[in-house]
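For the sequence shown, this note's numbering assigns the number 263 to the last residue and increments by one with no breaks.
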Amino acid sequence: MDKLCIDIGNSRIKLALMEEGKVKRYAVHWIKEETAIIKWLEEVEFEKGIYSSVLAQDPDWLLAFKDKRKLIRLSSNTNLPLKIHYKTPETLGTDRIAAMAGALALYKKGALLVVNAGTCITYDLVNNHGEFIGGNIAPGLEMRCKAMHDYTASLPLIKVHDPGNSFIGYDTVSAMENGALQGIVLEIEGYFVRLRKNYPELHVVLSGGNAPFLVNHLKISIFAEPYLVLKGLNTILDYQ
């Protein structure tokens, strides 16, 4: 039978119906689009389900849906296919846990740098033994653009888009675009170079809403998986 996986982020909700580890049906909605989310859920049939959420409390539509169907909320106490070495596992984002589980399903050998480029960018390190060592959190692409506008007197609020092959800006807008995007690109490449000294067989797995902006600019070998968190949730559900 099919399985339901839901990734509730800061701004968007991703839903997937999984069949034998593959995405059979998929949807993404802004977090306020409750009517569309409920409609999608009412149209799918599944045996069991799991969800990760960055929200402290479940939204009302999810509470009502959980009363009718069997759903697991992912937490650090859930049985996991990886060991977590983190001083405060209760504060570890479950989307990060799911992304690491998804990356481990892709690579059976070597260490992993799991990069999830969403509202914030998370960098999570999994060693050669499938153990989560720790990670960092940085501002995401939109956050960087908004901060430049909010904390200065004259810089405009720009829409995020790919500046193309240019590396240096030729006016204020392109300077901001390149500063935000290329800053993240160099950040990812810098983590890879630094960590590879201790983990020679390091693999980089990239996901998140802003991954498409980044993938063509990175000068390192990466694996881009748009459904990483959802596939990780599916892996964790199989582990129960």
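Positions of the beta carbon are idealized from the N, C-alpha and C atoms, including for glycine. Note that this is a predicted model, so its numbers are computed, not measured.
> What do you reckon, are the CB atoms on Gly213 and Asn201 nearer than 8 angstroms?
Replying inline: The residue labelled residue 213 in the question sits at position 190 within the sequence shown. The residue labelled residue 201 in the question sits at position 178 within the sequence shown. No, they are not a contact pair.
>> For Asn33, tell me which candidate among Met166, Glu224, Gln263, Met171 has the shortest Cα-Cα distance.
In response: To locate residue 33, count along the sequence shown from 1; it is residue 10. Taking only the C-alpha atoms, the option nearest Asn33 is Met166.
> Unbroken beta strand (DSSP E) runs of length 3 or more, entirely within the stretch 56-110: which are they?
Replying inline: 71-76, 94-96
>> Using a 10 Å radius around the Cβ and a threshold of 16 neighbouring Cβ atoms, would you call Glu248 buried or exposed?
In response: Start at 1 with the first residue of the sequence shown, and residue 248 comes out as number 225. Under this definition Glu248 is a buried residue.
> Just curious, the beta strand (DSSP E) that Gly163 is in, first and last residue?
Replying inline: Your numbering for residue 163 matches position 140 in the sequence shown. Gly163 -> no beta strand (DSSP E), and no H or E assigned at all.
>> Whether or not the stretch 137-144 and the stretch 115-129 are in contact is what I'm after, with contact meaning three or more pairs of Cβ atoms, one per stretch, closer than 8 angstroms; do they touch?
In response: yes
>> Helix, strand or coil, according to DSSP, for Phe190 in the structure here?
In response: Translated into the one-based positions of the sequence shown, residue 190 becomes position 167. Coil at Phe190, not helix or strand.
> Which whole-angstrom value describes the C-beta separation of Ala203 and Leu164, a residue pair presumed to lie in contact below a C-beta threshold of 8 angstroms?
Replying inline: Reading the sequence shown from its first residue, position 180 is the one you call residue 203. Reading the sequence shown from its first residue, position 141 is the one you call residue 164. Correct: roughly 6 angstroms between the Cβ atoms.
>> Counting beta carbon pairs with one atom in the stretch 216-235 and one in the stretch 82-91, are three or more of them shorter than 8 angstroms?
In response: no
>> Using only CA atoms, which one of Ala59, Asn239, Pro162 lies nearest to Leu85?
In response: By one-based count along the sequence shown, residue 85 stands at place 62. Looking at the Cα atoms, Ala59 is the closest of the given residues.
> Which residues in the same chain as Gly153 place their Cβ atom closer than 8 angstroms to its Cβ, once the five residues preceding and following it in sequence are excluded?
Replying inline: Translated into the one-based positions of the sequence shown, residue 153 becomes position 130. The answer, listed in chain order, is Pro104, Leu105, Lys106, Leu127.
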